[in-house]
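In what follows, a structure is listed as structure tokens, so that the remarks can point back to it.
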Amino acid sequence: MKVKDCMCHDVLYVKPDCDAEECARLMSENHIGCIPVCDDSKKVVGLVTDRDILLRTVGCGKDIKNTPISEIMTCKVDCCSPEADVNDVEKVMSQNQIRRIPVMENNKIVGILTLGDLAKNKEVNTEGVCLTLENICGCDKKNAE
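Structure follows, in structure tokens:
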């Protein structure tokens with residue numbers, strides 16, 4: 061199965077100069093926990109999560125209204141192609157402990173693939189999704205016993 065078959069096509073993004081408060085408002089209004097940060101050409105330059113906003117602004121005493129996303133975003137972002145095989149992308153997510161991966165085509169964002177997208181898709185291997193989640197969470201069955 062290809063990423064394009066289960067990714068979210070309607071992806072919101074913000075620009076690097078967007079302030080953290082506006083970004084948090086967009087997340088809240090759209091019930092999402094992550095927004096890609098894109099330049100004017102829609103190329104992903106970063107990724108920001110609700111946790112980033114909390115820990116890197118509020119937790120550090122920064123003014124959320126005057127902190128640009130570029131100061132708190134994660135800059136090293138793994139991306140994939142819509143033509144990529146879902147199993148290959150799951151491996152990247154698992155190895156790098158990431159729950160969401162922007163989907164790029166012709167150097168522009170065209171979607172986002174989340175662990176939730178994989179879990180909801182009946183054609184995706186459930187065992188693979190569970191293993192990916194275990195790896196992302198750092199779960200260790202031996203330590204749980």
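In terms of my numbering, the sequence shown opens at residue 61 and continues consecutively. Glycine included, C-beta positions come from ideal geometry on N, C-alpha and C. Owing to the predicted nature of the structure, the values given are computational and were not obtained by experimental measurement.
Short CB-CB distance (under 8 Å) between residue i and chain D
i	result
Cys139	Any reference to chain D falls outside this structure, which holds one protein chain only.
One or two residues paired with residue i in a DSSP bridge
i	result
Thr127	Paired residues: none, contrary to the question.
Lys168	Glu165
Cys68	Ile172
Gly106	Val97
Lys62	Asp145
Thr117	Note: Thr117 sits in no beta bridge, so no partner.
Distance between residue j and residue i (C-alpha atoms, nearest Å)
i	j	result
Cys68	Gly171	5 Å
Asp148	Val97	24 Å
Asp65	Met153	17 Å
Glu82	Pro76	12 Å
Leu173	Asp100	22 Å
Ile169	Ile92	17 Å
Arg116	Lys122	8 Å
Asn90	Ala179	20 Å
C-beta contact flag for residue i and residue j at 8 Å
i	j	result
Val63	Pro142	yes
Gly106	Thr127	no
Ile129	Val104	no
Asp112	Ile132	yes
Ile158	Cys140	no
Met61	Val118	no
Asn166	Asp138	no
Buried versus exposed call for residue i [16 or more other C-beta atoms within 10 Å across all chains shown]
i	result
Asp177	buried
Cys120	exposed
Glu150	buried
Met164	buried
Met87	buried
Arg85	exposed
Glu205	Here Glu205 scores only 40 on pLDDT, less than 50, and its place in the model should not be relied on; the value that follows carries that caveat. Its Cβ having fewer than 16 others within 10 Å, Glu205 is exposed.
Residues near residue i by beta carbon distance below 8 Å, same chain, minus five either side
i	result
Asp79	Ile124, Lys125, Asn126, Thr127, Pro128, Ile129
Contact set for residue i: own chain, Cβ-Cβ below 6 Å, skip 5 residues either direction
i	result
Lys206	Outside the displayed span of the chain (61 to 205) sits residue 206, for which this structure offers no information.
Ala144	Val63
Residues near residue i by beta carbon distance below 7 Å, same chain, minus five either side
i	result
Ile95	Leu72, Tyr73, Val74, Cys83, Leu86, Met87, Val108
Contact test: residue i Cβ vs the ligand FAD heavy atom, cutoff 7 Å
i	result
Thr127	Among the components modelled here there is no ligand, and therefore nothing to report on the ligand FAD.
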